[in-house]
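Trainee:
Chains as they are written, first to last, in the working numbering: chain V, 5 to 277; chain P, 5 to 277.
1. Just verifying my parser: in three-state terms, what is the DSSP assignment at residue 130 of chain V?
2. What is the DSSP secondary structure of residue 103 of chain V, counted as helix, strand or coil?
3. I need the DSSP call for residue 277 of chain V, collapsed to helix, strand or coil.
4. Return no unless some Cβ of chain V is closer than 7 Å to the Cβ of residue 65 of chain P.
5. Check whether the stretch 183-191 of chain P and the stretch 149-158 of chain P touch, using three or more Cβ-Cβ pairs below 8 Å as the test.
6. Based on Cα-Cα distance, which residue from V/62, V/96 and V/202 lies nearest to residue 204 of chain P?
7. Are the CB atoms of residue 71 of chain V and residue 171 of chain V within a distance shorter than 7 Å?
8. Give a yes or no on whether the minimum CB-CB distance between residue 177 of chain P and chain V is below 7 Å.
9. Which whole runs of the beta strand (DSSP E) in the stretch 131-219 of chain P are 3 residues long or more, in chain order?
10. For the stretch 26-107 of chain V, which segments carrying the alpha helix (DSSP H) assignment without a break, of at least 4 residues, lie completely within its bounds, in sequence order?
11. Can you name, in chain order, every residue of its own chain whose Cβ lies under 7 Å from the Cβ of residue 89 of chain V, other than the five neighbours on each side?
12. Please look up how many angstroms separate the CB atoms of residue 138 of chain P and residue 123 of chain P, rounded, as I've assumed it's under 8 Å.
13. Under 7 Å between beta-carbons, which chain P residues line up against residue 50 of chain V? List them in chain order, please.
14. Can you grab the Cα-Cα spacing for the pair residue 10 of chain V / residue 30 of chain P, in whole Å?
15. From this set, P/248, P/243 and P/269, which residue's C-alpha is nearest residue 261 of chain P's C-alpha?
16. Does the beta carbon of residue 201 of chain P sit closer than 7 Å to a beta carbon anywhere in chain V?
17. Are the stretch 12-28 of chain P and the stretch 253-270 of chain V touching, with three or more C-beta to C-beta distances below 8 Å?
18. Tell me the rounded alpha-carbon separation between residue 277 of chain V and residue 108 of chain V.
19. Taking residue 145 of chain P as the query, report the chain V residues whose CB atoms sit under 8 Å from its CB, ordered along the chain.
20. If the cut is a Cβ gap below 9 Å, which residues of chain P does residue 190 of chain V touch?
21. Measure the C-alpha to C-alpha separation of residue 182 of chain V and residue 145 of chain P and round it to an integer number of angstroms.
22. Could you name the residues of the stretch 151-173 of chain P whose beta carbon sits closer than 8 Å to any beta carbon of chain V, in the order they occur along the chain?
23. Quick one: is residue 224 of chain P buried, meaning 16 or more other Cβ sit within 10 Å of its Cβ, or exposed?
24. With 16 other CB atoms within 10 Å as the buried threshold, where does residue 195 of chain P fall?
25. Is there at least one Cβ from chain P nearer than 7 Å to residue 271 of chain V's Cβ?
26. Could you round the C-beta distance between residue 106 of chain V and residue 106 of chain P to whole angstroms and report it? I think they count as a contact, below 8 Å.
27. Going by CA-CA distance only, name the one from P/176, P/185, P/162 and P/91 that's closest to residue 142 of chain P.
28. Using a 10 Å radius around the Cβ and a threshold of 16 neighbouring Cβ atoms, would you call residue 227 of chain P buried or exposed?
29. In whole angstroms, what separates the C-alpha of residue 35 of chain P from that of residue 175 of chain P?
30. Could you check which residue in V/269, V/252, V/202 and V/7 has the C-alpha nearest to that of residue 128 of chain V?
31. So if DSSP puts residue 259 of chain P in a beta bridge, which residue, or which two residues, is it bridged to?
32. Taking the alpha-carbon positions, what's the residue 231 of chain P to residue 214 of chain P distance?
33. For my contact list, residue 267 of chain P and residue 168 of chain P are in at a C-beta cut-off of 8 Å; report their separation, rounded to the angstrom.
34. For residue 154 of chain P, which residues from the same chain have a beta carbon less than 6 Å from its beta carbon, with the 5 sequence-adjacent residues on both sides left out?
35. Using Cβ-Cβ distances below 7 Å, what residues of the stretch 111-136 of chain V are close to chain P?
36. Tell me the DSSP secondary structure of residue 122 of chain V in three-state form.
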């Protein structure tokens, strides 16, 4: 709900918070901004407002030092804006929610018809020995797992592949800027065979038998484990981690819920046995 | 690697990037900062530098409008600092990595000895009917899944519980600020029975039979599905999603990798049959 309050256009939320978007304010008199905001804060506090949010667009970055002086802190930033917040209650700890703190990486465990695995060597790697790895990369904002897997596999290797299931996933902490990182390994079926690797990112790319891959002395423990997940799946009656689209609470959209399910028929070694 | 470059203390990275941390600069003459940075940028560009990162601490927020004027954009912010970046190559798209864009929520599917489920009703909810829900909340930065589950369950309900396995997880897009949200449901064994719910966040809390829970007409489709995951697990030979600690590539630390495994013996209905 947007309204005028003490000279600002503000939006209120259900937690007694107010958001000031710099795009919605009148900045004809820039120099007035600081005293106006300084005056408004104690009034909002008296009215029971708990959290103040100021969304500062790049063109209005002069507001950042003003908010800093008035006791605001950074909450988060994205391309084009920074969000600063101030918690008003004296007697209560700050309850304003933190921003997203998890990265998402996705890799493809891509098999061709001969059950050979698609592997790559990166051009730039922190691991000196540059072991054979699975093609993959970071999810774009809002991108679904299976989409990231397909996109990264085709970008890095030229191979078109179809998502089958999730073999497993790693959760790593202190990855970058103190955030955690999810790394999902997706079992995929190759739809094409001809490799055309990305020359900027990838040094080498090839099909390799599972046995040969496992015999690489430089193979990381994590990748060894993911191969084991694949081999276990064959034994476990083809049970794997698969998504199901489920209605959201208001039935307006659907979300994928991942749980243990049998592999689709065509991939299930136990089907019909 | 930290060095002096064109009047700044900078740290270089393996991608031909430079980071300027405002805490490491000499700000005795604030007014010099803008012309100095303006002069340095084309020189760095000429030297083949690709990405510039400026980490601007709250006390140095006057640097934000300067960087904005010189063509920097926001990359991310955390409490205490904002990171601004500028991509220098003219002929190449911006390859500077985006910040974390995933939230992590965790809930406990907590069962007592009678196999009753621990459920709560929130004080504040976007869902008018306020259905019975599982206790849970957002992970703190760097917090492991099982730790979040235990912490949220005890904070909200007063019940101490032990992590058993992951029943399933939902991936939702456009959750908040355009980011996605992971919601992991952890099967847990209650270690205590006496409920003391958090009065600030929780309106009601109780133990309920699975049958009664499923008969609630307001139950969300997602929670119905998670109950089904629990019931399926009993049929699937107790196969569930469990973490295993695996060495990192440099063997300096370990990370949890989640995959399909049998439930621990004491929870596995098929054990010994």
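Note that the Cβ used here is the ideal one computed from N, Cα and C, for glycine as well.
Mentor: Based on what the coordinates show:
1. coil
2. coil
3. Reliability fails at residue 277 of chain V, whose pLDDT of 43 lies under 50, so the model's placement of it is uncertain and the value that follows must be treated cautiously. DSSP places residue 277 of chain V in coil when its eight states are reduced to three.
4. yes
5. yes
6. V/96
7. no
8. yes
9. 140-142, 165-180, 183-194 and 206-212
10. 37-50 and 67-73
11. 55, 56, 57, 76, 77, 79 and 100
12. 7 Å
13. Ordered by position in chain P, no residue passes the 7 Å Cβ test against residue 50 of chain V, which lies about 22 Å from the chain.
14. 39 Å
15. P/248
16. no
17. no
18. With a pLDDT of 43 at residue 277 of chain V, under the threshold of 50, the predicted position of this residue should be treated as unreliable, and no value is reported.
19. 102, 105, 182, 183 and 184
20. None at all; the shortest Cβ gap to chain P is about 13 Å.
21. 7 Å
22. 171, 172 and 173
23. buried
24. exposed
25. no
26. 4 Å
27. P/185
28. buried
29. 48 Å
30. V/202
31. P/250
32. 8 Å
33. 7 Å
34. none
35. 128 and 131
36. strand
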